[in-house]
Amino acid sequence: MMGRMTLREVREALAAAKARGTKAPATVPTVEELESLARLLEREADAGVPATESRLEGVAEPSADAIRRI
Amino acid sequence: MAAPTPGSLTPAERRSRRNRATRIARRLGFVGSVEYRHVYSQAGGAQYCRGNTPEEDLLTVYAEAFERDADPDDFSLEAMIAHERGHQVLARHPRLSALPASAGPAAEEVLASLLGALVLEPGPDRDTLLDKAAFELVSRGAAAETAERVIANLWNLLGRLL
Numbered sequence: 001m002m003g004r005m006t007l008r009e010v011r012e013a014l015a016a017a018k019a020r021g022t023k024a025p026a027t028v029p030t031v032e033e034l035e036s037l038a039r040l041l042e043r044e045a046d047a048g049v050p051a052t053e054s055r056l057e058g059v060a061e062p063s064a065d066a067i068r069r070i
Numbered sequence: 001m002a003a004p005t006p007g008s009l010t011p012a013e014r015r016s017r018r019n020r021a022t023r024i025a026r027r028l029g030f031v032g033s034v035e036y037r038h039v040y041s042q043a044g045g046a047q048y049c050r051g052n053t054p055e056e057d058l059l060t061v062y063a064e065a066f067e068r069d070a071d072p073d074d075f076s077l078e079a080m081i082a083h084e085r086g087h088q089v090l091a092r093h094p095r096l097s098a099l100p101a102s103a104g105p106a107a108e109e110v111l112a113s114l115l116g117a118l119v120l121e122p123g124p125d126r127d128t129l130l131d132k133a134a135f136e137l138v139s140r141g142a143a144a145e146t147a148e149r150v151i152a153n154l155w156n157l158l159g160r161l162l
């Protein structure tokens, strides 16, 4: 689900977080969970793509530009 | 956000909304049925429902999705549908389908936004989903720098996998 936060509210919250800098709890359960999932994904990515599995339709290559703007 | 019930639409206007949602969903690779419901969902505007097979999956788009799309300070219909397509990719892609069982709702929302961003072309709609993914983390107390690092890592990994 998209949730009910508007794009404006999302961007205001991100700007506020950037203004706060690193004054945040050392551990955030969702961050820890995603880091754990990332390790699983890394192992899967390192295992390589099976020859029979084609690239998912409609999925574009990620670009460095996209992530630099976050 | 909105009145309890959306204003009335003619049958032609409802068909037009359904057709537009369907065109976007298909362009983004959604498999399954797409329906338009002229009610407020209180869930953001669109919802993915997993079926027994991908062809039985259902994307429901609600009235507020079109109201949000008309607001320049809110998510576009394309971004909302891409996010739901992200849920479908997460549920259906053979290299990802094992993950949701171990992912909590917040983590799943982050992954769906990133996968939704991956099915969009580079541009403003993609950017909004990347922001939404980061927001899910900072709204739970993560520092912006931490959110950026986690999102960047996942973005690269998901791109490699898909």
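Quick mapping for you: the protein sequence lines, in order, are chains A and B.
FYI, our numbering numbers position 5 of the first sequence as 5, with every residue one higher than the one before it.
FYI, our numbering numbers position 125 of the second sequence as 125, with every residue one higher than the one before it.
Cβ coordinates follow ideal geometry from the N, Cα and C atoms, glycine included.
Check	Outcome
Among the candidates Q42(B), L59(B) and A43(B), whose CA atom is the shortest distance from the CA of R50(B)?	L59(B)
Tell me which residue opens and which closes the beta strand (DSSP E) that S246(B) is part of.	The first residue shown for chain B is 1 and the last is 162, placing residue 246(B) beyond what the model contains.
May I have the straight-line CA-CA distance separating L77(B) from R68(B), to the nearest angstrom?	8 Å
In angstroms with no decimal places, state the Cα-to-Cα distance between G44(B) and R20(A).	28 Å
For E145(B), which residues in chain A fall below 7 Å Cβ to Cβ?	T22
Do the CB positions of A142(B) and E33(A) come within less than 8 Å of each other?	no
What are the boundary residues of the beta strand (DSSP E) that A142(B) is part of?	Counting along the chain, A142(B) falls outside any beta strand (DSSP E), and DSSP gives it neither H nor E.
Could you work out which residues of chain B lie near R8(A), taking near to mean beta carbons separated by less than 8 Å?	D73 and D74
For V110(B), which of helix, strand or coil comes out of DSSP?	helix
How many angstroms separate the CA atom of D74(B) from the CA atom of S41(B)?	16 Å
List the residues of chain A that L161(B) touches, going by C-beta distances under 7 Å, in chain order.	L41, E44 and A45
Taking the alpha carbon of I24(B) as the point to measure from, which residue in P6(B), H83(B) and D71(B) has its own alpha carbon closest?	H83(B)
From Y62(B) to M5(A), what distance separates their C-alpha atoms?	16 Å
Kindly indicate which three-state DSSP category R8(A) falls into: helix, strand or coil?	helix
According to DSSP, which residues form a beta bridge with Q47(B)?	T60(B)
Counting along the chain, where does the alpha helix (DSSP H) carrying P29(A) start and finish?	P29 to D46
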